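The opening position of the sequence shown corresponds to residue 15 in the working numbering, with each subsequent residue numbered one higher.
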Amino acid sequence: MIESNVSLSGCAVVDGALCAGGAAEGQLRGTSYRTTLTPTGNLVVSVCLGFIGTFGLLNNLLVLVLFCRYKMLRSPINLLLINISISDLLVCVLGTPFSFAASTQGRWLIGDRGCVWYGFANSLFGIVSLISLAVLSYERYSTMMTPTEADSTNYCKVSLGIALSWVYSLIWTTPPLFGWSSYGPEGPGTTCSVNWKAKTANNISYIICLFIFCLLLPFLVIMFCYGKLLCAIRQVRKFGDWDGMALNLRYLHE
């Protein structure tokens, strides 16, 4: 769900922020990245990327069109789904075409700055999707656990959650632009991401924090919320308290 793409020789832009990190951090030096895959491997990857990009573009566009066309779908809970669709759509538009083109040609095509952009943008959109899923699970958890009927017209809390997903993602994807780790080529050389290979303390500390706060923490929130919901549903089945549950279920589908 995450992808990214830069001659850093000209990285004096943004006050030289993109140059921070040093050679030990895997900093890019204008190299022409070539794939490590065979021509057949590149063909398979390009076909898969083409299918994923096209399907993702059409699917997420359809979601946005339906949301805009039908007023009944414009509920607070659906705004979170729209946020996920937008982030996924941006990956399909701003990320997948570059890796697709690189796979068809067997090398990275848009230089060092494009590599940094690709890594940053796709990391940003991917984390936004994951945090949005965590916020969605918490919203459903808090709604189901509320004894009173939820207000299906309250957009304030959901809007705050959407803003949180973007700000939180920016907090964790901008440090490589300013010297805490870096973005560079990964895998077969036709995509770019965080520098996973450098063994320096600077790079390892960032990867550990990224794993904890952008993968493990959202995953635990999702597991906790849906686990509690499952327990609540089992208790309702056992004791027959369906009235409050019905009200909250109705809100989730409005």
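C-beta: ideal position from N, C-alpha, C; glycine also. The structure displayed is predicted, hence computed values, not measured ones.
Can you check which of these residues, Asn-209, Pro-199 and Leu-243, is closest to Gly-193 by C-alpha distance?
Proximity to Gly-193 across Asn-209, Pro-199 and Leu-243 peaks at Asn-209, based on C-alpha coordinates.
CA nearest to the CA of Arg-88, picked from Pro-189, Ile-247, Tyr-169 and Ile-236
Minimum Cα-Cα distance from Arg-88 among the listed residues Pro-189, Ile-247, Tyr-169 and Ile-236 corresponds to Tyr-169.
Where do the N-terminal and C-terminal ends of the alpha helix (DSSP H) with Pro-189 fall, by residue?
Where Pro-189 is concerned, there is no enclosing alpha helix (DSSP H), given that its DSSP letter is neither H nor E.
Where the beta strand (DSSP E) containing Gly-302 begins and where it ends:
Not covered by the structure: residue 302. The range shown for the chain is 15 to 268.
Whether Phe-112 touches Ser-183 by CB criterion (9 Å):
Ser-183 is positioned such that its CB atom lies no closer than 9 Å to that of Phe-112.
Considering just the uninterrupted stretch of the alpha helix (DSSP H) at Thr-110, what are its terminal residues?
Start and end: 110-119.
How about Ala-177 and Leu-231: are their beta carbons less than 9 Å apart?
Between Ala-177 and Leu-231, the C-beta gap is not smaller than 9 Å, which leaves the two residues out of contact.
Close beta carbons around Lys-242, own chain, < 8 Å, minus the five adjacent residues each side
Contacts found: Tyr-155 and Met-159.
Ranges of the beta strand (DSSP E) found wholly within the stretch 205-262, counting only runs of at least 3
The qualifying runs are 205-208.
On a CA-only basis, which of Leu-93, Ser-173 and Leu-150 is nearest Ala-239? Give me that one, please.
For the record, residue 239 in the displayed sequence is Cys; it is not Ala. Nearest to Cys-239 by alpha-carbon distance, out of Leu-93, Ser-173 and Leu-150, is Leu-150.
Under 7 Å Cβ to Cβ from Ala-26, same chain only, skipping five residues before and after it: list those, please.
Confidence at Ala-26 is low in this model, with a pLDDT of 35, below 50, so the placement of that residue is unreliable and no value is reported for it.
If you follow the alpha helix (DSSP H) that Ser-137 is part of, which residue opens it and which one closes it?
Note, Ser-137: alpha helix (DSSP H), 125-159.
Smallest Cα separation from Ile-185: which of Leu-234, Arg-121, Pro-202 and Ile-145?
Distances from the alpha-carbon of Ile-185 to those of Leu-234, Arg-121, Pro-202 and Ile-145 put Ile-145 closest.
Can Gly-175 and Leu-94 be called in contact, C-beta distance under 9 Å?
Less than 9 Å separates the beta-carbon of Gly-175 from that of Leu-94.
Using the three-state DSSP reduction, which class does Thr-83 fall into: helix, strand or coil?
The sequence as given places Arg at residue 83; Thr does not occur at that position. In the structure shown, Arg-83 sits in a helix (DSSP, three-state: H, G or I).
So the candidates are Gln-249, Lys-85 and Val-142; which of them puts its Cα closest to the Cα of Leu-103?
The option with the nearest alpha carbon to Leu-103 is Val-142.
Just the C-alpha distance for Ser-196 and Ser-137, rounded to the nearest angstrom, thanks.
Taking C-alpha positions only, Ser-196 is separated from Ser-137 by approximately 12 Å.
According to DSSP, is Asn-73 part of a helix, a strand, or is it coil?
For Asn-73, the secondary structure class from DSSP, reduced to helix, strand or coil, is helix.
To the nearest angstrom, how far is it from the Cα of Leu-57 to the Cα of Thr-118?
So the two alpha carbons sit approximately 6 Å from each other.
Under the DSSP definition of a beta bridge, which residues are partnered with Arg-48?
By DSSP's assignment, Arg-48 forms a beta bridge with Arg-121.
Pair within 9 Å by beta-carbon distance, Gly-120 and Pro-199:
Not a contact, by the Cβ cut-off of 9 Å.
Short Cβ contact (9 Å threshold) for Thr-110 with Gly-67
Going by C-beta atoms, Thr-110 is nearer than 9 Å to Gly-67.
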